[in-house]
Amino acid sequence: MKNQVLECFKKLFGGEGEIRTYFAPGRVNLIGEHTDYNGGHVFPCALTIGTYMAARKRDDRKLRFYSMNFEKLGVVESSLDQFLMGAEKNWTAYPKGMMWAFGQKGFPVEQGFDLVLYGNIPNGSGLSSSASVEVVTGVMLKDMFGYDSITMTDIALFGQYSENHYNGVNCGIMDQFAIAMGKKDCAIFLDTSDLSYEYAPVKLEGARIVISCSNKKRGLGDSKYNERRSECEMALAEIQKVKEVKSLGELTEEEFEQVKDAIKSPIRQKRAKHAVYENQRTVKAVTALKANDIALFGELMNASHVSLRDDYEVTGKELDTLVEEAWKCPGVIGSRMTGAGFGGCTVSIVRTENIDHFIEAVGSAYKEKIGYAADFYVVDVGDGAGILA
Ligand code: GLA
13 MKNQVLECFK KLFGGEGEIR TYFAPGRVNL IGEHTDYNGG HVFPCALTIG TYMAARKRDD
73 RKLRFYSMNF EKLGVVESSL DQFLMGAEKN WTAYPKGMMW AFGQKGFPVE QGFDLVLYGN
133 IPNGSGLSSS ASVEVVTGVM LKDMFGYDSI TMTDIALFGQ YSENHYNGVN CGIMDQFAIA
193 MGKKDCAIFL DTSDLSYEYA PVKLEGARIV ISCSNKKRGL GDSKYNERRS ECEMALAEIQ
253 KVKEVKSLGE LTEEEFEQVK DAIKSPIRQK RAKHAVYENQ RTVKAVTALK ANDIALFGEL
313 MNASHVSLRD DYEVTGKELD TLVEEAWKCP GVIGSRMTGA GFGGCTVSIV RTENIDHFIE
373 AVGSAYKEKI GYAADFYVVD VGDGAGILA
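For the sequence shown, position 255 (counting from the first letter as 1) is numbered 267 according to my numbering, and the numbering increases by one without interruption.
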């Protein structure tokens, strides 16, 4: 892929000067959903699919962007003097947001760029194609300007900052962190309250990770996402009237049951319940995986989906159909929606010998019930973002 991006770059922008190439993966979250903005734990991993970038610094402040995924848009021209916060019209919002964030964080971007991108993460699938573009841009800027003091964690934080403040999505740190810090064959057990983390090998012994993409685009999802986030913030504020606690992620299930009546609306109570129980499930799931108890890991994945469906209400009929059909298939260890929800993908752990049947059975039931096809990807866990040699 790297060579195709480089070729495309030379054709569009010429081959002179120093052209450098970068990669950032997509991510899938195995368990710990909607916990990252509640001070809880998440357990995502980086994928081997992602975003490739070829870049060259310019002598002026111009920006020329081209995405091989959006050929019709052609070369999008802009400049470092045109940061349209919240009002960018296309994918260039993500690299521009990152350039803006670098400036805000004290690492000025004073020279423009010619950039070509190609991504093999399905867009809008919930596998974090936008965070991948942010992080690949961050790795590029750090390299091009020699900002050696910037760590990969910083790049993740700058990416989140740009998403929150430039693009108006109040996301947590999970996606950018997983993409920046991923490690081959490992998932990251991240405590979002202090960003401490640990790598845990994903040893599935005879099974693989299958991603089923609903092909329902998120669209309105972003506003629903922000709504869930504020419901949790309100619930926390209500609990804080009766108990000293910094985040929902600090509570055990028992502690939550003792204070839950402080939350005055039943809806907010369900939202907070999900955040607390999902966090505890994530801790248990990682313990299970470390003990090679894949069956228990799968059960916790299934319980995560039920909670996201009934208490957090972010699944919808497309994701529910994919998961319910998956649960019927032989060889399925666990299956749940992954990412923000409202569309996007599910993640399933499926015994290798049953994968063909799984794709066939879930695929045809989905098409029949929903009216259009789902896509399936058998994925590998890869490394985090970096410079391509
Ligand atoms: C999106 C956000 C993440 C996280 C998930 C839900 O992917 O970007 O920060 O909140 O949703 O777990």
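Glycine residues also receive a C-beta, built at the ideal position from the N, C-alpha and C atoms.
Cβ-Cβ distance between residue i and residue j below 7 Å
i, j, result
"His317", "Arg283", "no"
"Tyr34", "Met152", "yes"
"Pro243", "Ile275", "According to the sequence provided, residue 243 is Glu. The question's Pro does not apply to it. Taking 7 Å as the Cβ cut-off, Glu243 and Ile275 do not qualify as a contacting pair."
"Lys296", "Leu312", "yes"
"Gly12", "Ile133", "With the chain running from 13 to 401 in the structure shown, residue 12 is simply not present."
"Val402", "Cys20", "Outside the displayed span of the chain (13 to 401) sits residue 402, for which this structure offers no information."
"Ala386", "Ser226", "yes"
"Val390", "Arg220", "yes"
"Asn238", "Gly261", "no"
"Cys341", "Ala373", "yes"
"Ile185", "Asp48", "yes"
"His53", "Gly62", "no"
"Val288", "Leu263", "yes"
"Leu18", "Ala67", "no"
"Lys381", "Thr350", "no"
DSSP-derived helix/strand/coil call for residue i
i, result
"Arg39", "strand"
"Ala352", "coil"
"Gln270", "helix"
"Asp322", "helix"
"Met65", "strand"
"Gly346", "strand"
"Tyr384", "coil"
"Asp160", "coil"
"Asp203", "strand"
"Arg76", "strand"
"Pro107", "helix"
"Ile306", "helix"
"Leu96", "coil"
"Cys341", "coil"
"Glu210", "strand"
"Cys183", "coil"
"Gly261", "helix"
"Ile371", "helix"
"Ser137", "coil"
"Ser242", "helix"
"Leu153", "helix"
"Lys22", "helix"
"Val335", "helix"
"Ile275", "coil"
"Leu232", "Per-residue confidence for Leu232 stands at a pLDDT of 47, beneath the threshold of 50, marking its modelled position as unreliable; the derived number appears in the next sentence. The answer is coil: DSSP assigns Leu232 none of H, G, I, E or B."
"Val288", "helix"
"Ala143", "helix"
"Lys253", "coil"
"His46", "coil"
"Gly396", "coil"
"Ser224", "strand"
With 16 other Cβ atoms within 10 Å as the buried cut-off, status of residue i
i, result
"Asn50", "buried"
"Thr163", "exposed"
"Ile167", "buried"
"Gly29", "exposed"
"Gly109", "buried"
"Ser235", "exposed"
"Val87", "exposed"
"Leu207", "exposed"
"Lys285", "buried"
"Ala105", "buried"
"Gln281", "buried"
"Arg307", "In the sequence under discussion, the amino acid at residue 307 is Ala, which differs from the Arg named in the question. So Ala307 ends up on the exposed side."
"Ile399", "exposed"
"Glu365", "exposed"
"Ser79", "buried"
"Gln188", "buried"
"Gln172", "buried"
"Leu232", "The predicted position of Leu232 is uncertain, since its pLDDT is 47 and thus under 50; a value taken from the coordinates is nonetheless stated next. The residue in question, Leu232, is exposed, as its Cβ has fewer than 16 Cβ neighbours within 10 Å."
"Glu265", "exposed"
"Val362", "buried"
"Asp126", "buried"
Anticipated Cβ contact below 8 Å, residue i with residue j, distance rounded
i, j, result
"Leu139", "Cys357", "6 Å"
"Ala1", "Ala397", "A question about residue 1 goes unanswered here, because the residues of the chain that appear run from 13 up to 401."
"Glu330", "Lys228", "4 Å"
"Gly310", "Ile345", "4 Å"
"Pro107", "Phe77", "7 Å"
"Ala143", "Ile191", "6 Å"
"Lys215", "Val393", "That pair is no contact at about 11 Å."
"Gly328", "Phe370", "Going by Cβ atoms, the distance from Gly328 to Phe370 rounds to 21 Å, so no, they are not a contact pair."
"Gly124", "Leu59", "Not confirmed; about 31 Å, so no contact."
Beta-bridge pairing of residue i - partner residues as DSSP gives them
i, result
"Ala219", "Arg363"
"Glu128", "The identity of residue 128 in the sequence shown is Val, whereas the question assumes Glu. Partner(s): Ala66 and Tyr78."
"Gly88", "In the sequence as presented, Gly is not what sits at residue 88; that position holds Val. According to DSSP, Val88 bridges with Phe77."
"Arg32", "Ala67"
Chain C within 7 Å of residue i, Cβ atoms only
i, result
"Lys236", "Although the question refers to chain C, the structure presented lacks it and comprises just one protein chain."
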